[in-house]
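**Q** This is the structure I want to talk about, given as structure tokens.
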Amino acid sequence: EKGGFEHFMLKEIYEQPDAISDTYRGRMLPDKGIIRMAGVDDNIERISNARRILIVACGTSWHAGLVAEYIFEDFARIPVEVEYASEFRYRNPVISENDVVIAISQSGETADTMAAIKLAKEKGAFVFGVCNVVGSSISRETHAGAYTHAGPEIGVASTKAFTTQITVLTLMALKLAKHKGTISTSDFQFYLQEMERIPEKVKLALNSDEHIQKVADIYKEATNCLYLGRGYNFPVALEGALKLKEISYIHAEGYPAAEMKHGPIALIDEQMPVVVIATKKGHYEKVVSNIQEIKSRKGKIIAVVTDGDIEVRELADHIIEVPETIESLTPLLTTIPLQLLSYHIAVMLGKNVDQPRNLAKSVTVE
Ligand code: M6R
Numbered sequence: 250e251k252g253g254f255e256h257f258m259l260k261e262i263y264e265q266p267d268a269i270s271d272t273y274r275g276r277m278l279p280d281k282g283i284i285r286m287a288g289v290d291d292n293i294e295r296i297s298n299a300r301r302i303l304i305v306a307c308g309t310s311w312h313a314g315l316v317a318e319y320i321f322e323d324f325a326r327i328p329v330e331v332e333y334a335s336e337f338r339y340r341n342p343v344i345s346e347n348d349v350v351i352a353i354s355q356s357g358e359t360a361d362t363m364a365a366i367k368l369a370k371e372k373g374a375f376v377f378g379v380c381n382v383v384g385s386s387i388s389r390e391t392h393a394g395a396y397t398h399a400g401p402e403i404g405v406a407s408t409k410a411f412t413t414q415i416t417v418l419t420l421m422a423l424k425l426a427k428h429k430g431t432i433s434t435s436d437f438q439f440y441l442q443e444m445e446r447i448p449e450k451v452k453l454a455l456n457s458d459e460h461i462q463k464v465a466d467i468y469k470e471a472t473n474c475l476y477l478g479r480g481y482n483f484p485v486a487l488e489g490a491l492k493l494k495e496i497s498y499i500h501a502e503g504y505p506a507a508e509m510k511h512g513p514i515a516l517i518d519e520q521m522p523v524v525v526i527a528t529k530k531g532h533y534e535k536v537v538s539n540i541q542e543i544k545s546r547k548g549k550i551i552a553v554v555t556d557g558d559i560e561v562r563e564l565a566d567h568i569i570e571v572p573e574t575i576e577s578l579t580p581l582l583t584t585i586p587l588q589l590l591s592y593h594i595a596v597m598l599g600k601n602v603d604q605p606r607n608l609a610k611s612v613t614v615e
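Structure below.
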């Protein structure tokens, strides 16, 4: 059942090229220049005229929501807010019929996300679900939705659910952008073509597995780890840190790289591994100067870079390469080495990777 892999998590990491193409297949028609998503098509006016989009989710799904915030604002020019479902539901949120709520949940059973949906519906908002499990409670409670088609995710640590959530949300944002006219036909076409190349590029990113294993071996005894990224890759830094925490029990924090100087930089010394996402597009030069700041305080740098990078290679202690793509799609590639890094560290430490202590696959308690 693990298809020759030692753990479900590793199997699911390796399934991502197929999971991503399963998610866009039949929806994205680059030849015709269209994206078909029934749940969006049926409600296109309501969604594209939203005063704002509010995304509610927990954990990894919340990280996918943060990536979506950048994509929706960038492409569709709709204001987006992302909230932990648990916070949203317990305050007195300002929300009305003019808002569209997107609830993201792999399992479709997360209690806090479900409660947030019910509250949003009571206030008259239109609620769109992005779930993986077909027929799940959340998929039934929402007004419309789009499934991620990632296939069953058994490992408690979410992997393919995350990348397929980003895939669905990217398609949705592009579709809305096209409808609203906030994207040119040629850009739209170009993004679809780039999306079609992602599965192949994820495969290339997976090729670094052995190299990542060596890096994991060097840092497995660390007691702390920082993850930094900017822009589209800031949520990926958060996700990388969550992956390491939940399966290896090593304390890790994700930060937007520019926030370092406002506090966390005090933590840096020769004992501190810092994973920096430094891909070419997206504030590259700024990230390079963040790396220099860490280096001068003797932190150890593990950098995720674009294939062929020269500048960061000289500064970093280790580099992990991913193929080049457009900025908004980089999270689909930069996430891969971070998943593998946590996986290998956890295995080396003898942890129960698929079922980490204190955690459940779906959190049905509030
Ligand atoms: O099923 P959901 O997407 O609603 O689950 C949300 C979180 O519980 C989940 O992403 C959790 O954070 C994962 N264990 C992260 O790997």
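For the sequence shown, full-length UniProt numbering assigns the number 250 to the initial residue and increments by one for each residue that follows.
Just so it is clear, CB atoms sit at the ideal spot from N, CA and C, and this is done for glycine as well.
#1: For the putative contact between Thr-419 and Ile-269, defined by C-beta atoms under 8 Å, what is the C-beta separation to the nearest angstrom?
#2: Assuming Phe-375 is part of the beta strand (DSSP E), what are its boundary residues?
#3: Between the C-alpha atoms of Ala-506 and Glu-542, what's the straight-line distance to the nearest angstrom?
#4: Is it the case that the CB of Gly-308 approaches a heavy atom of the ligand M6R more closely than 6 Å?
#5: Give the range of the beta strand (DSSP E) segment to which Val-329 is assigned.
#6: Out of Gly-489, Cys-474 and Asn-298, which one is the CA nearest neighbour of His-500?
#7: For Lys-549, which residues does DSSP report across the bridge?
#8: Give a yes or no on whether the C-beta atoms belonging to Thr-413 and Thr-272 are separated by under 7 Å.
#9: Can you find a heavy atom of the ligand M6R that lies under 6 Å from the Cβ of Gln-604?
#10: Could you check whether the Cβ of Val-343 sits closer than 6 Å to any heavy atom belonging to the ligand M6R?
#11: Quick one: is Pro-328 buried, meaning 16 or more other Cβ sit within 10 Å of its Cβ, or exposed?
#12: Decide if Ser-354 is buried, meaning its Cβ has at least 16 other Cβ atoms within 10 Å, or exposed.
#13: Let me make sure I understand the geometry here. Which of Lys-463, Tyr-339 and Leu-491 has the alpha-carbon closest to that of Ser-310?
#14: May I have a chain-ordered list of the beta strand (DSSP E) segments no shorter than 3 residues that lie completely inside the segment 441 to 521?
#15: I'd like the span of the beta strand (DSSP E) that includes residue 192, first residue to last.
#16: Ignore the nearest five residues each way along the sequence and tell me which others in Ser-385's own chain have a CB closer than 7 Å to its CB.
#17: Measuring only the C-alpha atoms, how far is Val-464 from Ile-594?
#18: Suppose the cutoff is 8 Å on Cβ atoms and the five residues either side in sequence are ignored; what does the same chain contact list for Gly-282 look like?
#19: Following a CB-centred definition, is Ser-611 positioned closer than 6 Å to any heavy atom of the ligand M6R?
**A** Once the coordinates are examined:
#1: About 10 Å separates the two Cβ atoms, so there is no contact after all.
#2: 375 to 380
#3: 11 Å
#4: yes
#5: 329 to 333
#6: Cys-474
#7: Pro-522
#8: yes
#9: no
#10: no
#11: exposed
#12: buried
#13: Leu-491
#14: 473 to 478 and 500 to 505
#15: What the structure shows of the chain is the stretch from 250 to 615, and residue 192 is not part of that stretch, so it cannot be assessed.
#16: Ser-356, Gly-357 and Glu-358
#17: 9 Å
#18: Thr-434, Phe-437, Gln-438 and Leu-441
#19: yes
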